[in-house]
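Residue numbers (full-length UniProt numbering): 1 to 452. Backbone N, C-alpha and C define an ideal beta-carbon position, used for all residues, glycine too. Everything below concerns the one structure shown next.
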Amino acid sequence: MLGSGVGGYTAAFRAADLGLDVVLVTRDERLGGVCLNVGCIPSKALLHAAKVLTDAQGAAEHGIAFGEPEVDLDALRGWKDGIVERLTGGLAQMAKAREVRVVTGEARVTEEHALDVGGTEVTFDHLIVATGSRPIALPDLPDDERIIDSTGALELADVPERLLVIGGGIIGLEMATVYDALGAAVTVVEMADQLIPGADKDLVKPLQKRIEERYDAIHLSTRVTSVEAGEDGVAVRWERGDAEDGGTFDRVLVAVGRAPNGRGLGLEEIGVEVDERGFVPVDDQLRTKVPHVFAIGDVVGQPMLAHKAAHEGKVAAEVIAGEDVAFDARGIPSVAYTDPEVAWVGLTETQAKAEGRTVEVGLFPWSASGRALSTGSPSGRTKLLVDPASRRVLGAGIVGANAGELIAEPGFALEMGAEAGDLGLTVHAHPTLSETVAFAAEVAEGTITDLP
Ligand code: FAD
């Protein structure tokens, strides 16, 4: 196993549970890769703190006033680091319990069945490559500590007065949510014509509206043209069509995507294909062009998400153990843990349009949900995409509080080949936000017609 991220440790533990002899190779001091150390987990800890802060501010609307919150940045950082330590420590124990040998060092394939790990040779019958991805840097960026990537942003060194986020995707906006709540004046520059490219525009709208009210500025269809480090801040220029503009910032977060770590591992030398971007192509059993070499997680392609890596890891381990299984997900949920959250699974309306595919849409606005109104989330919406002939659920999208949790139900419906009517006929507890899934199904089925 090469790499100890979510993909790597899931595959290693599954393989060990199936009776295989497993060596886990990593260049990191701690197990867990990006997700546990500098990704999903620390970001969600900080997002939780951000939510507590913004909820406290918003409580005045409900007749409850708190004083101005005081943030102890060292304590917040310590709390976040404690969660990471607890989880990564747990992984080390799980490896030990399974007798998975961990070898630490920079690894490179030297022969068809051998790796060099910082001078130590590790031999294998099968190899699973799970080397993940790294942040993409913009060309010609000055080497300046005020210019950071997501890892730097999660360090929480300080709260800058003026923060520029280059890239309005999930990672950029999650970090913007944290720093905005902590008091930074946030500006976002995004090249596409919408935030979170990939999500349907109507789902992003309530998020955009809310952050337009809170942030200094959001510039869409805008390209950064230069970044210069000066004494009074980092000066950034950008252009939108023919119009040029810019600003000076105390910190600049570059969140323009991630690149796969497929190159420099010696894979090509043993016949494994690595494409021009650095991805390692695999079949549905996660096998590369070389039958005893498998690859999983961010290094094999989009979506670069932890739960995809974990599922692929399980499949690869089971295939190596001789099981007849394949990776065959109908949908992989994507979630932006912003405020409000945006989540989707399966087919999106944008994709359906691009593919010329006819779908029926059941849309339920949360302004008609008692639970949404009573929890201060009236601008949310739940949307189901349904196949007009079979009535099967093809996809779903949700924006609003806890959208990331709510998307699990339509995800399950998609995976089970359920029809929209099955969701509508399932009795949901009242009043809950989960009801909005059933109501969206009823809209698609035509049994709810009189919405505001
Ligand atoms: P990685 O976690 O990248 O692990 C790769 C491992 O390989 C590392 O241990 C690395 O050191 C090791 N390695 C690489 N090359 C070598 C080498 N030559 N020798 C030895 N070791 C090597 N996903 C979600 O699903 N939900 C989220 O909320 C979420 N939030 C995120 C927030 C941020 C800020 C970021 C950056 C990412 C987030 N992600 C999230 C994405 C998620 O972290 C990745 O999809 C996931 O980590 C991929 O796992 P992986 O096993 O493929 O690789």
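Identity of the residue in 69, 214 and 376 nearest residue 62 by Cα: Translated into positions along the sequence shown, residue 62 becomes position 62. Ranking the options by Cα distance to residue 62, first place goes to 376.
The alpha helix (DSSP H) enclosing residue 409, as first and last residue numbers: Walking along the sequence shown from the start, residue 409 turns up at place 409. Where residue 409 is concerned, the enclosing alpha helix (DSSP H) stretches over 408 to 416.
Contact test: residue 151 Cβ vs the ligand FAD heavy atom, cutoff 8 Å: Residue 151 sits at position 151 when you count from the first residue of the sequence shown. Flag set: Cβ of residue 151 near the ligand FAD.
Environment of residue 492 [buried if 16+ CB atoms lie within 10 Å]: The chain is shown only over 1 to 452; residue 492 falls outside these bounds and no answer can be derived.
Buried versus exposed, by CB contacts within 10 Å (16 or more), residue 314: In the sequence shown, counting from the first residue as 1, residue 314 sits at position 314. Classification for residue 314: buried.
Alpha helix (DSSP H) runs wholly inside the segment 36 to 121, at least 4 long, in chain order: 40 to 58 and 73 to 97
Distance between residue 29 and residue 180 (C-alpha atoms, nearest Å): Taking the sequence shown and counting its residues from 1, one reaches residue 180 at position 180. Taking the sequence shown and counting its residues from 1, one reaches residue 29 at position 29. About 32 Å.
Counted within 10 angstroms of its Cβ, other Cβ atoms place residue 258 as buried (16 or more) or exposed: Stepping through the sequence shown from its first residue, residue 258 is reached at position 258. So residue 258 ends up on the buried side.
Residue from 244, 291, 160 and 344 with nearest C-alpha to residue 319: As a position in the sequence shown, residue 319 is number 319, starting the count at 1. The candidate whose alpha carbon is nearest that of residue 319 is 291.
Residue from 380, 421, 22 and 136 whose Cα sits closest to the Cα of residue 392: Residue mapping note: residue 392 aligns to position 392 of the sequence shown, counting from 1. Residue 421 is the option with its Cα nearest to residue 392.
Closer than 8 Å: residue 307 CB and nearest the ligand FAD heavy atom: By one-based count along the sequence shown, residue 307 stands at place 307. Yes, Cβ of residue 307 sits closer than 8 Å to a heavy atom of the ligand FAD.
C-alpha distance - residue 384 paired with residue 120, whole-angstrom precision: For the purposes of this step, residue 384 is identified with residue 384 of the sequence shown, where counting begins at 1. For the purposes of this step, residue 120 is identified with residue 120 of the sequence shown, where counting begins at 1. Spanning the two alpha carbons is a distance of roughly 53 Å.
Burial state of residue 381, where buried means 16 or more other Cβ atoms lie within 10 Å: For this step, residue 381 is matched to residue 381 along the sequence shown. Result: buried.
Burial state of residue 208, where buried means 16 or more other Cβ atoms lie within 10 Å: Numbered from its first residue, the sequence shown carries residue 208 at position 208. So residue 208 counts as buried.
Sequence-distant residues of its chain with Cβ nearer than 6 Å to residue 18 (five each side left out): Position 18 of the sequence shown, counting from 1, holds the residue named residue 18. Same-chain partners within the cutoff: 321.
Residue environment, residue 69, which counts as buried when at least 16 other CB atoms sit within 10 Å: Against the sequence shown, residue 69 aligns to sequence position 69. So residue 69 ends up on the exposed side.
Segments of 3+ residues assigned as beta strand (DSSP E) that fall wholly inside the segment 180 to 205: 185 to 189
Contact under 9 Å by Cβ, residue 423 with residue 408: For the purposes of this step, residue 423 is taken as residue 423 along the sequence shown, with counting starting at 1. For the purposes of this step, residue 408 is taken as residue 408 along the sequence shown, with counting starting at 1. No; because the gap between Cβ atoms is not below 9 Å, this pair is not in contact.
The segment 342 to 358 in contact with the segment 190 to 210 per 3-pair CB rule at 8 Å: yes
Pairwise C-alpha distance: residue 118 and residue 109: As a first step, residue 109 must be located in the sequence shown, where it is residue number 109. As a first step, residue 118 must be located in the sequence shown, where it is residue number 118. Taking the straight line joining both Cα atoms gives about 11 Å.
Nearest neighbour of residue 25, chosen from 275, 415 and 115 [CA to CA]: Position 25 of the sequence shown, counted from the start, is the residue given in the question as residue 25. Residue 25 has its Cα closest to that of 115, out of 275, 415 and 115.
CA-to-CA distance, residue 172 to residue 533, given in whole angstroms: As shown, the chain starts at 1 and ends at 452. That puts residue 533 outside it, with no answer to give.
Endpoints, alpha helix (DSSP H) assigned at residue 156: Counted from its first residue, the sequence shown places residue 156 at position 156. Taken as a continuous stretch (DSSP letters only), residue 156 belongs to no alpha helix (DSSP H), as it is neither H nor E.
Cutoff 7 Å; reference residue 238; Cβ partners in own chain excluding five residues on either side: Within the sequence shown, the letter at position 238 stands for residue 238. Excluding sequence neighbours, residue 238 sits near 189, 219, 222, 223, 224, 225, 245 and 246.
Proximity test, residue 337 beta-carbon vs the ligand FAD heavy atom, cut-off 8 Å: As a working note, residue 337 is residue 337 in the sequence shown. Correct: residue 337 has its Cβ closer than 8 Å to the ligand FAD.
Residue 47, buried or exposed, once every other Cβ within 10 Å from all chains shown has been counted against 16: Sequence index remark: in the sequence shown, residue 47 carries index 47 (1-based). So residue 47 counts as buried.
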